[in-house]
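Participant: According to mature numbering (1 follows the signal peptide of the UniProt record, and there is no 0), the sequence shown holds residues -32 to -1, 1 to 481 in order.
Note that beta-carbon positions come from the ideal geometry of N, C-alpha and C, so glycine has one too.
Handing you this structure, nothing more for now.
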Amino acid sequence: MKRRTAQWILTPVLAAALAFAPFVGASPTVHAATPQVAATQTPISVYVDGKRLALTQAPYESAGSTLVPMKAIFNALHVTNIVWEQSSKTLIARKDRLTITMQVGSKSAIVNGKTYKLNAPVTVRNGTTFIPLRFVGETLGANVLWDAKARKVTITSQEAQFAALQKQWEQERASHLKTTAQIVQENDEKIVMITTDFGLGSGVVIGENEILTNYHVMDGATKATALTVDQETFEVAGVVASSEKNDLAIIRTKKPLNIEPVDLNWDYDFEKGDSVIAIGSPLGVQNTASDGIISNITFDGSVEYIQFSAPIDHGSSGGGLFNQYGELIGITSAGYDDTNADLNFAVSIYHIAELLDEYDAHPDAKPAFLPSKLPATLKGASMEEIKAVMDKYFSSIQTSYETAALTNWTVKRDEKGWFVFEAKIDPTFYLVYGEQTSHQLGTWALNTGYELKRMLPGETIQMTINFEQTVEFEPRGYKQEEVTALGDNKWRVAFPVIEYQAKTTPLLKVRSS
């Protein structure tokens, strides 16, 4: 599958690899670039990361090596774990994954279990331990340079090298920043509107025939099409890779899209406060672009989500979330309704990469629509068997606020031959979120009714979801038939929240309060 990436994005990875490459991979014999002996020598000076190293005793030369006081150079190179074994006069220094062992008077050193020859041994002078400068510095990943004329040793620590490379990379990245208009112009044609027999969503072109979208956009679908911004329709052959946990799916079209795929942000270098652009089809308004910032980076279990402020709505699911360089960093998946806070979420590029790896491992996967979790039919099933299906698959309603539990399912056939389904909704959920989620409850009812009609073809269906609450006072403001006196100063309030009925064409009524 053809996949585009920006050329500069590998720079920090390469930089990190170079910056943290230890000296210990070099030849076991270590030579120091030390000065030739002159008639009159000036003292050797040592500079670490641009600052002159303060030494209690002056460095000296021995057998072609420069030796310096141990504590000063280790502190300058950020080595804090130092052990001195007095009995054997052995020095053990540890930093990250490196362990350096040297003994006074020995012309060898051990680094992570491997022995290296030294030109000059560790010595003790006037109570100060001296160690070979170049060997220690390069073993710790530092860059060591000798200026013979100035008799000056310049050391750039591993940390300083990495910081310089990081700064260089950031400057390089900054040169590729794009305006919102440029990002939209580059990616608009790469976002499609997906229509299934269940609803609308969005998708992002990632290959010749491949589109990335949300799992829930394709869940339950038996057919789908992708509509480009140029109004060209492509029939979807099916899903070729998916992750229900991460809410991602890759679908394949029956014919090539002839659209360049999006650039992917393989650096994962986004952070809170970064600018982002979302492109999708909210409420069926195709390829709507909006901008905002990354508000937070959150987790739901093991799934990483990018919370962002760019406005989206129903139909935006499966759309693209792009960074300031025009690279895809997430797939828009969810948001909170009825709020001015723009609390929207996208599945992170981390999980996109996981799914792409899975697909790359099976590029010849046969496209197929996601298998339904529901039975193919309930025709001929007993009422107990149908009730078991309702208990298993229809025990809750997922909304953008909370999940509404459904309990006490009953199934019967009435005197007129109708299939009658009833359940109770969590009263606390309804009291708190009933008004805000009324349209989501209605959508759930229509989808559930669709499945019941599919499993019970030719039958007339009635489904009622009831609110029921017992209180210790006589309620006011309800219809007479909605309040029942139970005795002992208790009353029950009960009324239908969702009333659905259908044979071919459905009727629906949702009570919001």
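Between G174 and V112, which are expected to be in contact by the criterion C-beta below 8 Å, what is the C-beta distance as a whole number of angstroms?
Facilitator: Stepping through the sequence shown from its first residue, residue 174 is reached at position 206. Stepping through the sequence shown from its first residue, residue 112 is reached at position 144. It is Ile, not Gly, that sits at residue 174 in the sequence shown. Going by Cβ atoms, the distance from I174 to V112 rounds to 47 Å, so no, they are not a contact pair.
Participant: Grouping DSSP H, G and I as helix and E and B as strand, with all else coil, what is N415?
Facilitator: Taking the first residue of the sequence shown as 1, we reach residue 415 at position 447. If DSSP states are grouped into helix, strand and coil, N415 belongs with the helices.
Participant: Just the Cα atoms here: how many angstroms apart are Q71 and G241?
Facilitator: On the sequence shown, residue 71 is found 103 positions in, with the first residue counted as 1. On the sequence shown, residue 241 is found 273 positions in, with the first residue counted as 1. Rounded to whole angstroms, Q71 to G241 spans 52 Å at the Cα level.
Participant: Excluding sequence positions up to five away, which residues of its chain have a Cβ less than 6 Å from the Cβ of A44?
Facilitator: Numbered from its first residue, the sequence shown carries residue 44 at position 76. Result list for A44: V16, L21, in chain order.
Participant: Kindly indicate which residue of A118, L86, N80, S263 has the alpha-carbon position closest to the one of S13.
Facilitator: Taking the sequence shown and counting its residues from 1, the one referred to as residue 13 is at position 45. Nearest option by C-alpha distance: A118.
Participant: Verify whether the separation of the beta carbon atoms of D156 and V197 is less than 8 Å.
Facilitator: As a position in the sequence shown, residue 156 is number 188, starting the count at 1. As a position in the sequence shown, residue 197 is number 229, starting the count at 1. Result yes, Cβ atoms of D156 and V197 sit closer than 8 Å.
Participant: Which stretch, first to last residue, makes up the beta strand (DSSP E) that contains F238?
Facilitator: The residue you call residue 238 lines up with position 270 of the sequence shown. Element bounds for F238: n/a, residue is neither H nor E.
Participant: On a Cα-Cα basis, can you pick out the residue from R460, D456, Q153, E440 that is closest to Q448?
Facilitator: As a position in the sequence shown, residue 448 is number 480, starting the count at 1. Here the closest residue by C-alpha is R460.
Participant: Comparing C-alpha positions only, which one of V244, K191, A391 sits nearest to S316?
Facilitator: Mapped onto the sequence shown, residue 316 falls at position 348. When only C-alpha atoms are compared, the closest one is V244.
Participant: Run the CB neighbour count on M38, radius 10 Å, all protein chains shown included, and call it buried at 16 or more, exposed below.
Facilitator: Residue 38 sits at position 70 when you count from the first residue of the sequence shown. Counting Cβ neighbours within 10 Å, M38 comes out buried, since at least 16 surround it.
Participant: Looking only at DSSP bridge pairs, what is E29 linked to?
Facilitator: Taking the first residue of the sequence shown as position 1, residue 29 is located at position 61. Beta-bridge pairing links E29 to T34.
Participant: To which residues of the same chain is T(-4) closer than 6 Å at the C-beta, ignoring the five residues directly before and after it?
Facilitator: Within the sequence shown, numbered from 1, the residue matching residue -4 stands at position 29. Low local confidence applies: a pLDDT of 40 at T(-4) is under 50, so the model's placement there is unreliable, and no value is given.
Participant: State the CB to CB distance for the pair Y183 and S211, rounded to an integer number of angstroms; the pair is presumed to be in contact (CB under 8 Å).
Facilitator: The residue given as residue 183 occupies position 215 in the sequence shown. The residue given as residue 211 occupies position 243 in the sequence shown. The pair is a contact, with the Cβ atoms about 7 Å apart (cut-off 8 Å).
Participant: Give, in chain order, every unbroken run of the beta strand (DSSP E) that is at least 3 residues long and sits entirely within the segment 162 to 236.
Facilitator: 168 to 173, 178 to 181, 192 to 195, 201 to 211, 216 to 221
Participant: Could you pull out every residue in the same chain whose Cβ sits closer than 7 Å to the Cβ of A453, ignoring the five residues on either side in sequence?
Facilitator: To locate residue 453, count along the sequence shown from 1; it is residue 485. W459, listed in sequence order.
Participant: Assuming G410 contacts L475 under a Cβ cut-off of 8 Å, what Cβ separation, rounded to an integer in Å, is found between them?
Facilitator: Stepping through the sequence shown from its first residue, residue 410 is reached at position 442. Stepping through the sequence shown from its first residue, residue 475 is reached at position 507. Not confirmed; about 12 Å, so no contact.
Participant: CB-CB under 6 Å to V388, same chain, minus the five flanking residues each way: which ones, in chain order?
Facilitator: Start at 1 with the first residue of the sequence shown, and residue 388 comes out as number 420. K380, D382, Q430, listed in sequence order.
Participant: By Cβ distance below 6 Å, which residues in the same chain neighbour Y468 in space, the five residues on each side in sequence not counted?
Facilitator: Here the question's residue 468 lines up with position 500 in the sequence shown. Same-chain partners within the cutoff: A413, G417, M431, L476.
Participant: Suppose the cutoff is 8 Å on Cβ atoms and the five residues either side in sequence are ignored; what does the same chain contact list for S481 look like?
Facilitator: In the sequence shown, the residue the question calls residue 481 occupies position 513. Answer for S481: G402, E403, listed in chain order.
Participant: Spell out a yes or no on whether the segment 213 to 223 and the segment 256 to 268 are touching, meaning 3 or more CB-CB pairs, one atom from each, closer than 8 Å.
Facilitator: no
Participant: Given a cut-off of 8 Å, decide if L289 and A321 are closer than it, judged by their beta-carbon atoms.
Facilitator: Position 353 of the sequence shown holds residue 321. Position 321 of the sequence shown holds residue 289. No.
Participant: Would you check if the distance between the CB atom of V204 and the CB atom of A217 is smaller than 8 Å?
Facilitator: Here residue 204 refers to the residue found at position 236 when the sequence shown is read from its first residue. Here residue 217 refers to the residue found at position 249 when the sequence shown is read from its first residue. Result no, Cβ atoms of V204 and A217 do not sit closer than 8 Å.
Participant: Please name the residue, chosen from K384, Q366, F362, that lies closest to N376 on a Cα-to-Cα basis.
Facilitator: Translated into the one-based positions of the sequence shown, residue 376 becomes position 408. Checking every option, the nearest Cα to that of N376 belongs to F362.
Participant: For A(-1), count the other beta carbons within 10 Å of its own beta carbon; 16 or more makes it buried, fewer makes it exposed. Which is it?
Facilitator: On the sequence shown, position 32 is the one that residue -1 refers to. Its pLDDT being 44, under 50, A(-1) is placed unreliably in this model, and the coordinates cannot settle the point.
Participant: If you count every other CB in all the chains shown that lies within 10 Å of the CB of M351, and 16 or more means buried, which is it?
Facilitator: Taking the sequence shown and counting its residues from 1, the one referred to as residue 351 is at position 383. So M351 counts as exposed.
Participant: Answer yes or no: do P443 and V451 have a C-beta to C-beta separation smaller than 8 Å?
Facilitator: In the sequence shown, counting from the first residue as 1, residue 443 sits at position 475. In the sequence shown, counting from the first residue as 1, residue 451 sits at position 483. Cβ distance < 8 Å, so P443 and V451 count as in contact.
Participant: If you reduce the DSSP assignment to three classes, tell me which class K120 lands in.
Facilitator: Indexing the sequence shown from 1 puts residue 120 at position 152. DSSP, read as helix, strand or coil, puts K120 in strand.
Participant: Go ahead and pull the three-state DSSP assignment for L476.
Facilitator: Your numbering for residue 476 matches position 508 in the sequence shown. L476 falls in the strand class under three-state DSSP.
Participant: Would you report the Cα separation of I50 and I60, rounded to the nearest angstrom?
Facilitator: For the purposes of this step, residue 50 is taken as residue 82 along the sequence shown, with counting starting at 1. For the purposes of this step, residue 60 is taken as residue 92 along the sequence shown, with counting starting at 1. Their backbone Cα atoms lie some 6 Å apart in a straight line.
Participant: List in chain order: all unbroken alpha helix (DSSP H) runs of 4+ residues lying wholly within the segment 242 to 301.
Facilitator: none
Participant: By a C-beta neighbour count over all protein chains shown, 10 Å radius and 16 as the cutoff for buried, is G248 buried or exposed?
Facilitator: Here the question's residue 248 lines up with position 280 in the sequence shown. Flag for G248 reads buried.
Participant: F276: buried (16+ other C-beta within 10 angstroms of its C-beta) or exposed?
Facilitator: On the sequence shown, residue 276 is found 308 positions in, with the first residue counted as 1. The residue in question, F276, is buried, as its Cβ has 16 or more Cβ neighbours within 10 Å.
Participant: Go ahead and pull the three-state DSSP assignment for P(-11).
Facilitator: In the sequence shown, counting from the first residue as 1, residue -11 sits at position 22. Low confidence applies to P(-11): its pLDDT is 48, below 50, so where it sits in the model is not reliable, and the reading given next is rough at best. In the structure shown, P(-11) sits in coil (DSSP, three-state: anything other than H, G, I, E or B).
Participant: I'd like to check one pair, I162 with T181: are the Cβ atoms closer than 8 Å?
Facilitator: Start at 1 with the first residue of the sequence shown, and residue 181 comes out as number 213. Start at 1 with the first residue of the sequence shown, and residue 162 comes out as number 194. Closer than 8 Å, so yes.
Participant: Hey, quick one: how far does the beta strand (DSSP E) through Y369 stretch, first residue to last?
Facilitator: One-based indexing of the sequence shown puts residue 369 at position 401. Unbroken run through Y369: none, as it is neither H nor E.
Participant: Between which residues of its own chain and K158 is the CB-CB distance below 8 Å, once the five residues before and five after are set aside?
Facilitator: As a working mapping, residue 158 is identified with position 190 in the sequence shown. Correct list, in chain order: V172, V173, I227, E228, P229, V230, G288.
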